[in-house]
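Engineer:
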Amino acid sequence: MREVRVRFAPSPTGALHIGGVRTALYNYLLARKHGGKMLLRIEDTDQNRYVPGAEEYIVQALKWVGIEIDEGQGVGGPHAPYRQSERKPMYKQYAEKLVADGHAYYAFDTEEELEAMRERLKNAGAALPQYNSISRMQMRNSLTLTEGEVKALLNDGVPHVIRLKVPRKEEIRLNDLIRGWVMVHSSQIDDKVLMKSDGMPTYHLANVVDDYLMKISHVIRGEEWLPSAPLHVLLYKFLGWEEDMPQFAHLPLLLKPTGDGKLSKRDADQMGFPIFPLDWVDPNTGEKAMGFREAGYLPDALVNFLAFLGWNPGTTQELFTMQELIDAFSVERIGKAGTKFDIHKAQWFNQQYLRGRSNDDLAAYLMASLTQEGIKCDREKALKIVGVMKERVVFPKDFWEQGKFFFYAPTTFDESVASKKWNEDAVKVLVKFRESVLTLESPDANMFKATLERVTQELGIGTGKILQAVRLSITGMGGGPDLMVIMEVIGKEEVAARIAYAIEHLKLKVA
RNA sequence: GGUCCGUUCGUCUAGGGGUUAGGACACCAGAUUUUCAUUCUGGUAACACGGGUUCGAUUCCCGUACGGACUACCA
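Numbered per this note's numbering, the first sequence finishes at 512, counting up by one with no gaps.
Structure (structure tokens):
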């Protein structure tokens, strides 16, 4: 079997879309599964759309999610350079060869002439107003001009492109790994530009030439490429590379969560979830977008989630490490239908992975948040907080955001809880509890608990009846982790102070 | 418009000529938890439609509908 060599070939026109990450992931999984190579090639043949920083972003993003590049931009390799703009001189000879072999031709038409042609065809009621086997005979190209005229134009440096001479009647067949045989008639394909007038190849030429030169065995890419895949097959044939043609696998698209249509940044913004792996600031517009990383997603959770968007192992196992994904992966099990993007599932994965982290790691997350807030906290305390919060967080930042009461006394109290649970009995208990607590010697959770129970017993009030009021006085909220542990963490003075404040503050409300 | 691709619970999906159509997320209910969350148990919920083929079709075939992609000297 041929060595598996796959490539991820993004265009540096902005931040890497999450769908792109999934494409890269599937490529990577296949490469690793078969002990093959994963390449990264930058497809920057459109100089107009180049966005500074995009390439670095792509490299960083792949690195963050754990997709390792064996060969390509950023790491080098035997087929360098891996940036198509730097490979510019290599493409022309293949285009020229196609011309020499009668499979391509020079075209000198101006933009206006092209526009006029389309207009004319449209008015004539043509199904598709394009440059093809019929219309090309009315245009200015090396098929209609004499050899001498063509030479003269070329010598004069008249701007021109090289177009593929697509056969008039030919059934083009393509065996896609995911979709099976796809048949397209050549009459449906237009004479695509192969070399642009600026001397750069178009995607179609560059992609085929590079995949051949880099010995790519499988082309795994988004479904948006399926319509032009037959064109690529034609190119392999005309270039005499049929034997080395890679296998194709066109991935189903990622769709927006509600309604229909391709997932876009707009949808993500509207629904408040990220669409890029990392934070991104558009250098042209200055527009900022939050990344999955910054939103608190763990890379292994994101990878697991992404892997399941369009693929499944055929078992009921849901949680997979990268290595397990590699072992279980197969292109055959990739689905055909588009996949709606459900951020809930991503959150669930994140929660699962976060729980899987050691308390030491989690404490580190919390301490990082605290440092940002300018709060000092020793490791022991952080460990305690993390231990009691672990089962209730989705994101690392939740330790801080949902646990602020560990560091700040509440200044406001949840109205609905106060109105329901704050009453004379509660206040009675709190007053006495506060006094008792102050007499304790560095109390732990159990001592707080014992004290509270003793007080309620003495007053003949059920602990359950007033516990939420106690919680309210300490945290300002009606829910949260083990209250006794909270008290242990903040200490008896703080407990006493908060109770006093709460009694004072809530007095008016109740009266 | 044309070409191509697709269609199983709300979502991701398993399955596949005869099944109580399975799982996960979400949702709902009960239990546990002194609260909330967790956890556990249970529940609601799907084969787009119409024709064939067949003893039998959700599964195979053909249409229709719906959705998507593509239709640039962009990738």
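The beta-carbon is built from N, C-alpha and C at its ideal position, and this holds for glycine as well. Bear in mind the structure is a predicted one, so any value in this text is a computation, not a measurement.
Classify A512 as helix, strand or coil using the three-state DSSP reduction.
Structural biologist: Summary for A512: the model assigns pLDDT 48, below 50, so the residue's position carries little reliability; its value from the coordinates is reported in the next sentence. Of the three classes helix, strand and coil, the one that applies to A512 here is coil, per DSSP.
Engineer: Among R222, I59, M39, M91, whose alpha-carbon lies nearest the alpha-carbon of G78?
Structural biologist: Ranking the options by Cα distance to G78, first place goes to M39.
Engineer: Mind checking who V7 pairs with in its DSSP beta bridge?
Structural biologist: M39, H219
Engineer: Whole angstroms are fine: how far does the CA of G103 sit from the CA of N49?
Structural biologist: 31 Å
Engineer: Hey, how far is the Cα of A32 from the Cα of A369?
Structural biologist: 36 Å
Engineer: Which residues does DSSP list as the beta-bridge partners of F249?
Structural biologist: D177, V220
Engineer: Looking at the secondary structure, which residues open and close the alpha helix (DSSP H) in which A230 lies?
Structural biologist: 230-239
Engineer: Tell me whether N447 is buried or exposed, calling it buried when 16 or more other Cβ atoms sit within 10 Å of its Cβ.
Structural biologist: exposed
Engineer: What are the start and end residues of the alpha helix (DSSP H) that includes A410?
Structural biologist: Unbroken run through A410: none, as it is neither H nor E.
Engineer: Report, in whole angstroms, the separation of the C-beta atoms of T340 and L468, which I expect to be a contact under 8 Å.
Structural biologist: Between L468 and T340 the Cβ distance is about 46 Å, and since that is not below 8 Å, they are no contact.
Engineer: When you compare each of L122, M118, G315, V22 to I68 by their alpha carbons, which one comes out closest?
Structural biologist: V22
Engineer: On the DSSP bridge assignment, give the partners of F277 in chain order.
Structural biologist: G292
Engineer: In chain order, what residues of the same chain have a beta carbon less than 7 Å from the beta carbon of M367, not counting five sequence neighbours either side?
Structural biologist: As written in the sequence, residue 367 is Leu, which differs from the Met given in the question. Taken in chain order, the residues that qualify are A383, I386, V387, F400, W401.
Engineer: Excluding the 5 residues flanking L441 on each side, which residues of the same chain have their C-beta closer than 7 Å to its C-beta?
Structural biologist: M448, T452, K493
Engineer: Apart from the five residues just before and just after L122, which ones in its own chain have a Cβ nearer than 7 Å to its Cβ?
Structural biologist: P130, S136
Engineer: State the Cα-Cα distance for the pair F306 and P275, rounded to the nearest angstrom.
Structural biologist: 14 Å
Engineer: Which ranges does the beta strand (DSSP E) cover as unbroken runs of at least 3 residues, wholly within the region 98-168, from first to last along the chain?
Structural biologist: 105-108, 162-165
Engineer: Exposed or buried, which one is T476 when buried takes at least 16 other CB atoms within 10 Å?
Structural biologist: buried
Engineer: For G36, count neighbouring Cβ atoms within 10 angstroms of its own Cβ and tell me buried if that reaches 16, exposed if not.
Structural biologist: exposed
Engineer: Under a three-way DSSP split, which group does T340 fall into?
Structural biologist: strand
Engineer: With C-beta atoms as the reference, is I462 less than 7 Å away from V428?
Structural biologist: No, the Cβ-Cβ distance between I462 and V428 is not below 7 Å.
Engineer: With a threshold of 6 Å (Cβ to nearest heavy atom), would V209 be considered close to the ligand FMN?
Structural biologist: By its list of ligands, the structure shown contains no ligand whatsoever, and the ligand FMN lies outside what it can speak to.
Engineer: Under 7 Å between the Cβ atoms of L99 and A105?
Structural biologist: Judged by beta-carbon spacing, A105 lies within the 7 Å limit of L99, meaning their Cβ atoms are closer than that value.
Engineer: Skipping 5 residues on each side, what residues in its chain have a beta carbon closer than 6 Å to that of L484?
Structural biologist: R472
Engineer: Taking V432 as part of the beta strand (DSSP E), name the residues at either end of that continuous run.
Structural biologist: That residue, V432, is in no beta strand (DSSP E); its alpha helix (DSSP H) goes 425-439.
Engineer: Report yes if the CB atom of Y354 is closer than 7 Å to the CB atom of A269, and no otherwise.
Structural biologist: no
Engineer: Give the range of the alpha helix (DSSP H) segment to which L195 is assigned.
Structural biologist: If you look at L195, you'll find it isn't in any alpha helix (DSSP H); it sits in the beta strand (DSSP E) that goes 194-196.
Engineer: Between which residues of its own chain and G76 is the CB-CB distance below 6 Å, once the five residues before and five after are set aside?
Structural biologist: Per the sequence shown, residue 76 should be read as Val rather than Gly. Hits under 6 Å: I70.
Engineer: Work out the CA separation of K398 and S12 for me, nearest whole Å.
Structural biologist: Taking the straight line joining both Cα atoms gives about 33 Å.
Engineer: Report the residue from V332, T286, L165, M390 whose alpha carbon sits nearest the alpha carbon of G181.
Structural biologist: V332
Engineer: Starting from P300, trace the alpha helix (DSSP H) both ways and give me its first and last residue.
Structural biologist: From DSSP, the alpha helix (DSSP H) with P300 extends over 300-308.
Engineer: What residues in its chain sit with their C-beta under 6 Å from that of V220, if we drop five residues either side in the sequence?
Structural biologist: Taken in chain order, the residues that qualify are P247, F249.
Engineer: Around the Cβ of Y409, are there at least 16 other Cβ atoms within 10 angstroms (buried) or fewer (exposed)?
Structural biologist: exposed
Engineer: Should A308 go down as buried or exposed, given a rule of 16 or more other Cβ atoms within 10 Å for buried?
Structural biologist: buried
Engineer: From M390 to T464, what does the alpha carbon distance come to, in whole angstroms?
Structural biologist: 23 Å
Engineer: Would R164 and V194 be called neighbours here (beta carbons separated by less than 7 Å)?
Structural biologist: The answer is yes: Cβ separation under 7 Å.
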